[in-house]
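A.B. asks: Numbering (full-length UniProt numbering), first residue to last: 1 to 329. C-beta: ideal position from N, C-alpha, C; glycine also.
See the structure below:
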């Protein structure tokens, strides 16, 4: 083997140890924060990825991975993957389109695509990954094209746009090209782990829901990699929103969700908000249209590569959006 398994770091320094890593320091998640089921699985995954990385011109020389003994949580994660592969679920004729809006995500994109293909291929579901790049200056589209060469045009669909036009219009653009009857939306920055998709599909089937939303604030959900200030702001904003809007969902600003295609299309076309408020309005409108909503507890990890910003402008935009929704719903 021409790679070396490198440093194993403690789970506790989640966000900090990854701040300066590059694409060669590839990180895998098998739980949202625990990045491998076992060293054996890790070795197998790295060997496979090494072959896939060659066409990208990447040298996978070593891997930082976070390993933690987490008992029952691992069993639940494995069971969740197995449940997704159950024949009774797979024989539904459903197809799942994953919308991945990107902007400057060249470091994250190969990893999230690898993980998506891994979990969907293991499950046996029919799927496609639609990458909507908004003119990223960092070469994200070029990486996406190479990924398409690796995985094929049926699995990787490229629908780029000339410039950054916003999340809502990215969804509208993606839906136009989606051939699945169900649509996943998620972040491309590794904040959301594809292994939770198994539970999303299971919950949707069992409850026949129109929308299944990932929640950081219900059940075993959680957030990792945020400082105390951001956690307080997020919790506070969610509490105020619950009191004012009574949305019928525990996490309004999360962006990891599964929709029936026609439901997502109607919601996106009905929403006027931008930024952080957009996802919140999607849930509020879903309640307004009497769509049914299920939830899946997820672990959210702050982005691995790049920066995540929450400043005064974003907070003010959230407040204005909240007041608008309070007045109009």
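Which same chain residues end up closer than 6 Å to residue 135 when comparing Cβ atoms and leaving out the 5 residues on each side of it in sequence?
C.D. replies: Here the set comprises 162 and 163.
A.B. asks: Looking at C-alpha atoms only, which residue of 285, 299, 292 and 264 is the closest neighbour of residue 169?
C.D. replies: It is 264.
A.B. asks: Just the Cα atoms here: how many angstroms apart are residue 250 and residue 101?
C.D. replies: 24 Å
A.B. asks: Would you report the Cα separation of residue 68 and residue 218, rounded to the nearest angstrom?
C.D. replies: Its pLDDT being 34, under 50, residue 68 is placed unreliably by the model, and the measurement read from it follows with that caveat. Roughly 23 Å separates the two Cα atoms.
A.B. asks: Tell me whether residue 320 counts as near the ligand SAM, meaning its Cβ is closer than 7 Å to at least one heavy atom of that ligand.
C.D. replies: With respect to the ligand SAM, the structure offers nothing, as it holds no ligand at all.
A.B. asks: Using the rule of at least 16 other Cβ atoms within 10 Å of the residue's Cβ for burial, across every protein chain shown, is residue 176 buried or exposed?
C.D. replies: exposed
A.B. asks: Look at the alpha carbon of residue 118 and the alpha carbon of residue 328, and state the distance between them as a whole number of angstroms.
C.D. replies: The straight-line gap from Cα to Cα measures roughly 43 Å.
A.B. asks: Residues in its own chain within less than 7 Å of residue 282 by CB, not counting five upstream and five downstream?
C.D. replies: 267 and 271
A.B. asks: Considering Cα atoms alone, identify which of 247, 296, 287 and 97 is closest to residue 179.
C.D. replies: 97
A.B. asks: Name the residue from 261, 113 and 220 whose alpha carbon lies nearest to the alpha carbon of residue 189.
C.D. replies: 113
A.B. asks: Taking Cβ positions, are residue 133 and residue 160 nearer each other than 8 Å?
C.D. replies: In this structure, residue 160 lies closer than 8 Å to residue 133 by Cβ.
A.B. asks: For the pair the segment 238-246 and the segment 121-133, tell me if three or more CB-CB distances fall below 8 Å.
C.D. replies: No, the segment 238-246 is not in contact with the segment 121-133.
A.B. asks: At 3 residues or longer, and completely inside the segment 193-226: list those beta strand (DSSP E) runs for me, N to C.
C.D. replies: 211-215 and 222-224
A.B. asks: Does the distance from the C-beta atom of residue 158 to that of residue 146 stay below 8 Å?
C.D. replies: no
A.B. asks: Helix, strand or coil for residue 281? Go by DSSP, reduced to three states.
C.D. replies: If DSSP states are grouped into helix, strand and coil, residue 281 belongs with the helices.
A.B. asks: If you follow the alpha helix (DSSP H) that residue 143 is in, where does it begin and where does it stop?
C.D. replies: 140-151
A.B. asks: Looking at the secondary structure, which residues open and close the alpha helix (DSSP H) in which residue 125 lies?
C.D. replies: Where residue 125 is concerned, there is no enclosing alpha helix (DSSP H), given that its DSSP letter is neither H nor E.
A.B. asks: Which residue's Cα is closest to the Cα of residue 338: 138, 254 and 244?
C.D. replies: Any question about residue 338 goes unanswered here, given that the chain covers just 1 to 329.
A.B. asks: From 167, 106, 107 and 152, pick the residue whose C-alpha is nearest to that of residue 273; which is it?
C.D. replies: 167
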